[in-house]
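Protein chains in written order, with this note's numbering: chain B, 50 to 272; chain F, 31 to 257.
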Amino acid sequence: MSDQWEIIVFTLQVCFGSSLIILPPGMALAWWLAKSSSRLKPFIETIVSLPMVIPPVATGLILLDLFGRRGPIGSFVWSTFGIDIAFTWRAVLLATAAMSFPLLVRSARVGFEAVNPRLEQIAETLGASFWRVVFTVTIPLASRGIIAGFLLSFARAIGEFGATMLVAGNIPGKTTTLSLSIYSLVQLGKDGEAFSLVAISVCIAFVVLFVSEQLLGKSRQSR
Amino acid sequence: MRLELERVRLPLAHFTLELDLDLEGDSIGLFGESGSGKTSILDLVAGIRKGAAGTVRLDGSTLQSDSAFVSPNRRAIGYVPQDLALFPHLSVRGNIFYGSRRNNSDRTIRPEQVIDWLNLGKLLGRRIDALSGGEKQRVALARAIISRPKLILLDEPFTGLDPKLRQIGIELVRQLRTEFSIPFLCVSHSRHELNQLCELLIEVAAGKVVRTFRPDPAASGDLTRLN
């Protein structure tokens, strides 16, 4: 049970961390997609959504190629900072972040699109700078979509399997998450233990999805 | 107050706004049919929309020209739009003090004086969605005044008010000049309202100025709507 508890804590920590890390760039991209009329927009939208439709193992393979010790980014990080990424907890963070990024962006974008641009314009006429408008009007009014996006990305990260398996492996006590642990337990024929982890996963996912759907519903209504 | 719109062009959905105006006065009214470009003129003066060509000057300072554009937050022009655009996530206090930090205006206006004048003291802690239409209008006006503007733009400020509140609103806007010496440019589709308020009227149709004239006080009893 203590092993399972460690796995649960590790999974929650890593997934919460990855959702936090993608929050600033995800919000910035969602804002841009909501406001921009650039011709590049459909192209960027498609690229952002790609991890949702291509096989997770393919995403994992790309990440492994980039962040492995022989990959362009991985070798740079290793030679500069002496830090390994692949097959460590950092790779779990990377894989879950990559896989949940599109969900964060899509929900946050709904939130930003629901903000009446007239409010931002009037805030400017009241002397507010661009950043003051963003932090005092746009983000507070888009907050439901942003929080829903954060929760959805967190839930997606908990369920992540394929990409994590490729880039982080399934190393007990080091990179094993809830999903990877369920897989291992089934392989070992320990279905009872696997089901107890499944029940925990379902409970976490249910609560997170329920709250995010409530928030997104309210955000859509205020459009 | 002197507002110059020199050979200004702004393409809109159905026509191009073309203006060549030199206005002097502290209470100017703009009227015309719905969709004639009145709100776009206010947006242009506020800097929310940028004209495709031409020069906009306020009291000699260039706000827009072919080589310069002053952003809305640096114009010190207050704006009360038709939908009021009150910030729903802020209290009444949060709304009316939002622009009080402006540092590019030389006007001195005490917020307490504005709050007293508009009788908002008891509403400061209230949420915006708990206010009546008339209260919301007063909050929007207070917010614009407390930002210490050189000019206030009012877009259909009395729409949706019952006749009694409308008359109170007209009186409040009239007092903008006497209480705070703030000039205003007011848009309305009702010439009657503007007759009571303004020293100079401009009629607009399909993006062009039809005429500029001084209102006839005798016509202020005329309730004819122009839309």
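Cβ atoms here follow ideal geometry from the backbone N, Cα and C, with glycine treated the same way.
Source: prediction; values computed, not measured.
Min CB distance residue i to chain B below 8 Å
| i | result |
| --- | --- |
| residue 91(F) | no |
| residue 177(F) | yes |
| residue 192(F) | no |
| residue 131(F) | yes |
| residue 113(F) | yes |
| residue 42(F) | no |
| residue 213(F) | no |
Cβ of residue i within 8 Å of any chain F Cβ
| i | result |
| --- | --- |
| residue 231(B) | no |
| residue 171(B) | yes |
| residue 266(B) | no |
| residue 167(B) | yes |
| residue 190(B) | yes |
| residue 24(B) | A question about residue 24(B) goes unanswered here, because the residues of chain B that appear run from 50 up to 272. |
| residue 183(B) | no |
Under the three-state DSSP convention, the category residue i falls into
| i | result |
| --- | --- |
| residue 247(B) | helix |
| residue 228(F) | coil |
| residue 52(F) | strand |
| residue 255(F) | Note on residue 255(F): pLDDT 35, under 50, position unreliable in the model; the coordinate value appears next. Note: residue 255(F) maps to coil in three-state DSSP. |
| residue 185(F) | strand |
| residue 158(F) | helix |
| residue 239(F) | strand |
| residue 92(F) | strand |
| residue 61(F) | strand |
| residue 206(B) | helix |
| residue 121(F) | strand |
| residue 211(B) | helix |
| residue 144(B) | helix |
| residue 164(F) | helix |
Nearest-angstrom Cβ-Cβ length linking residue i and residue j, presumed shorter than 8 Å
| i | j | result |
| --- | --- | --- |
| residue 30(B) | residue 68(B) | Since the first residue shown for chain B is 50 and the last is 272, residue 30(B) is missing from the structure and cannot be characterised. |
| residue 215(F) | residue 181(F) | 7 Å |
| residue 212(B) | residue 106(B) | 7 Å |
| residue 140(B) | residue 125(B) | With a Cβ gap of about 16 Å, residue 140(B) and residue 125(B) do not count as contacting. |
| residue 71(F) | residue 47(F) | 7 Å |
| residue 176(F) | residue 58(F) | That pair is no contact at about 22 Å. |
N- and C-terminal bounds of the beta strand (DSSP E) containing residue i
| i | result |
| --- | --- |
| residue 215(F) | 214 to 218 |
| residue 32(F) | 32 to 41 |
Segment limits, alpha helix (DSSP H) that includes residue i
| i | result |
| --- | --- |
| residue 109(F) | No alpha helix (DSSP H) contains residue 109(F), which is instead part of the beta strand (DSSP E) from 107 to 110. |
| residue 100(F) | Taken as a continuous stretch (DSSP letters only), residue 100(F) belongs to no alpha helix (DSSP H), as it is neither H nor E. |
| residue 210(F) | 193 to 210 |
| residue 83(B) | 51 to 84 |
Contacts that residue i makes with chain C (C-beta to C-beta distance below 9 Å)
| i | result |
| --- | --- |
| residue 173(F) | Absent from the structure: chain C. Protein chains present are B and F. |
The ligand ZN heavy atom lying under 7 Å from the CB of residue i
| i | result |
| --- | --- |
| residue 59(B) | No copy of the ligand ZN occurs in the structure displayed, which carries no ligand at all. |
Cβ contact check for the segment 144 to 156 of chain B and the segment 71 to 79 of chain B: 3 or more pairs under 8 Å = yes
Assess, as a yes-or-no matter, whether the segment 189 to 205 of chain B is touched by the segment 163 to 178 of chain B under the definition of 3 or more beta carbon pairs within less than 8 Å.
-> yes
Counting pairs of Cβ atoms below 8 Å between the segment 168 to 187 of chain B and the segment 94 to 108 of chain F, do you hit three or more?
-> yes
Would the segment 181 to 190 of chain F and the segment 143 to 153 of chain F be scored as touching if the rule is three or more Cβ pairs under 8 Å?
-> no
Should the segment 202 to 217 of chain B be called in touch with the segment 161 to 170 of chain F, which here means at least 3 C-beta pairs below 8 Å?
-> Flag = no, the segment 202 to 217 of chain B and the segment 161 to 170 of chain F do not touch.
May I ask you to verify whether the segment 243 to 250 of chain B touches the segment 79 to 86 of chain B, counting CB pairs closer than 8 Å and requiring at least 3?
-> no
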